[in-house]
Amino acid sequence: MKYKDRRQYGPDQPVEFLEFRPTLVPTILVNKLWADEGTSILWLVMRRYPHLPSLKHMPLERRQYYANKVHYVFSLSPPPGSVETLDYLTGLAWPNLKSLELEVDLQRYGSPYISMLHAGLEHVELSGYQSGGSKYFTDTILPTLFNLSSIRIGPDTILDEDPVHVSVLYQYLDACPSIKAIEVKSLNLMDKDALFTRLSQRQGLESLQIDLDPGVALIPLLSGPNALPFPFASLTRCFIMCYPEVALALPIHLRTIEELQIDIARAPISPHQPSDFGILEDMIAELSHCPSLRILKVGISSLADDFPSSILLPRLSGSALGRLGKTCPKLEDVNLLATEPSAIDGSSISSEDFDSFCKSLPYLRNLSLKLQPTTASALQTTALQSLGRHCPELEVLRLKVAFQLDRISVPGAVPQILVSDSTFVPELLDQQHISVLFPKLTHLALARPDTALAPVPDSFTNSVSSHSTSIVDPTTEEDLVRSWAHPLLIHFPRLEILEAWGDFSGEDNESLNYFLPTQEILASTWEFLSGIEQDLWEDDEESLEEGDSWNSLEDWEKASLINEFAFGEDGPVDVDELYPDVGKLAVRDEESEGMITPGRTLDPGDYFQDVPAHG
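Counting in the UniProt record's numbering, the final residue of the sequence shown is number 615, and the numbers go up one at a time with none missing.
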């Protein structure tokens, strides 16, 4: 059982969204019997990534008892300059360990982990600086990894000045035919194209993460008379970074693929080509060879020194979007984007095209389309309705469109008072049998709309935090906020994150998150529309000052501004004569020099008072 909550640790700190799990510590502290049972349960739950330093103060027998339960381990090297050791791991056996993730300098601290590298280990991830260099890694570390089903080597494991040729991996992989998943993306290897070619013929390979060498040398091996015979026959998961020509030639060989994440890039040393604008549409056309695809991410990175940019955008037509849904009907997760400061030109996507796309994907759970908001005006009033009608499983929706949420109809049976009711819970809608558009959605990201509350850009920066909102009539402001808050509360009852993904102009690319917005729906909606960061601290501070004027010294500060009675040369003068308006408190802006600030005068015996004892 877990629950989520938001926290803000200071007025200048951002709001954080945290996930908590109930603790067994109070139970463990009751007595020895409860401690034994509670600790056993705790370690049973924590067999996935337990906090290993908790073994420090246990006897060896007890440490081994818990080590027998662990299935997954993640561990770090001691901090630089630390005197901490890993002796508490020495002498332990880990018979049930299945996955080992180490960000450890293995030459310095690797000996306690040797016992974890047994025949039952299935998955290993290695990352972090290795003081032994490439030779130690290839000659000493790799040979200890055997009988694995998957391996990941992090990008910082092999230093830039000490690269390793892929032929070293040939020998290791040939000796471990059980490996079905290989991740070497961003790893400092020489001749990755050769590794890619070799892995294309590997029997039983199911998952591959790799970035290819710059260039198109692989094209003859992927198409034409010299193409490889049946490459990647069993591949179901592929993360790859490559040139656009290679990206377009690859899908025809991925007939069993279920998850494809592809970053399309080119060395940005020349001007853009006319075909670059349609690379996203061409890629979608090739995905017709992947009918089993469930997860798709296509990112357009730098293809030229001027593309993509804030002006030159890759395009996505409505026909291409509709084709994606029809050729890959099993899609559950779709993410199409162009790197900053660019976005996707969606001017050719009509509301009918988008509705057809949604209708063909009933299993869709996550959708992220980074459109340029000014090119997607056709979707502002219809896209949410299409998604709500056809995609009931949707949990995450990130669509960079300036939706007109206030135009979504709200059932008349829902009283307006619920919009500002802090006790509102989603179950109220179920009790009233109200049909909502997004019953499972937890994350909604959209471009901030152009409203009376929208920030006004200045000439110095595009950051939303520096914009100022024009003065709005309070009644108009309240009506606007309520017109947005009402649909948010009704049609997004499970919403945990409301994200302002830039603004309606597409010029502001800053993203602001509002966590658990329905808990304070009016405040969160006002902050969202105004382009203001979520702030939970201000209300607490004001309530403290209003509730305790003594501790806040408010009365003391006021008292310091009150005038003293004036004295003449011969002593006190008549107050009525000196102050005709004595009934009023005369206040000066600041004390005159030598003036004594009035305050409480205590009797000598009152300075130290005995505190009464409480029985």
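Every residue, glycine too, gets a C-beta built ideally from N, C-alpha and C.
- With distances taken between CA atoms, R389 lies nearest to S356 out of V401, S356, P411, P373.
- If you compare the alpha carbons of M116, H118, Q107 with that of F137, the shortest gap goes to Q107.
- L287 is positioned such that its CB atom lies closer than 8 Å to that of L293.
- Take the alpha-carbon of L86 and the one of L235: they are about 39 Å apart.
- Here DSSP, grouped into helix, strand and coil, assigns F232 to coil.
- A445 is positioned such that its CB atom lies closer than 8 Å to that of W501.
- Residue range 60-67 is occupied by the alpha helix (DSSP H) that includes Y65.
- By the 16-neighbour rule on beta-carbons within 10 angstroms, R365 is buried.
- Here DSSP, grouped into helix, strand and coil, assigns L367 to strand.
- Under the Cβ criterion (8 Å, minimum of three pairs), the stretch 224-234 counts as touching the stretch 195-204.
- One alpha carbon belongs to L100, the other to I153, and they sit about 12 Å apart.
- H123 carries a strand assignment under DSSP once its states are collapsed to helix, strand and coil.
- Counting C-beta pairs with one atom in each stretch, the stretch 160-176 and the stretch 203-211 have fewer than three that are closer than 8 Å, which means they do not touch.
- Counting of Cβ neighbours within 10 angstroms places M190 among the exposed residues, the total staying below 16.
- Burial state of T475 is exposed, judged by a 10 Å Cβ sphere holding fewer than 16 other Cβ atoms.
- In its chain, beyond the 5 residues on either side, D105, Q107, R108 have a beta carbon closer than 8 Å to the beta carbon of S131.
- Rounded to the nearest whole angstrom, the C-alpha separation of L92 and S115 is 7 Å.
- Assignment of E19 by DSSP, reduced to helix, strand and coil, places it in the strand class.
- The beta carbons of Q8 and W537 sit closer together than 8 Å.
- The stretch 338-345 and the stretch 314-321 touch, with three or more beta-carbon pairs separated by less than 8 Å.
- Of the residues F504, E61, E103, the one whose Cα lies closest to the Cα of T90 is E61.
- Pairing K359 with Y88, the inter-Cα distance amounts to about 57 Å.
- Among the bridge pairs identified by DSSP, E183 is matched with R152, Q209.
- In the three-state reduction of the DSSP assignment, Q380 falls in the coil class.
- Straight across, the Cα-Cα distance linking T525 with F492 is about 13 Å.
- Take L55, set aside five residues on each side of it, and the residues of its chain with a beta-carbon closer than 6 Å to its own are R63, Y88, in chain order.
- K69 sits close to N96, with the two beta carbons spaced by under 8 Å.
- Note that the C-beta distance between L148 and V164 is not below 8 Å.
- Of the other Cβ atoms in all chains shown, fewer than 16 fall within 10 Å of the Cβ of K4; this residue is therefore exposed.
- Here P373 is near G506, since their CB atoms are less than 8 Å apart.
- For M241, the pairing in a beta bridge is given by DSSP as D211, D263.
- Along the length of the stretch 277-333, whole beta strand (DSSP E) runs at least 3 residues long occupy 295-300, reported in chain order.
- The C-alpha of Q385 is placed about 15 Å away from the C-alpha of S377.
- Nearest to P50 by C-alpha distance, out of S150, V30, Y72, P59, is Y72.
- Closest in alpha carbon position to V166, among L187, L321, I151, is L187.
- Per DSSP, the unbroken beta strand (DSSP E) holding A447 starts and ends at 443-448.
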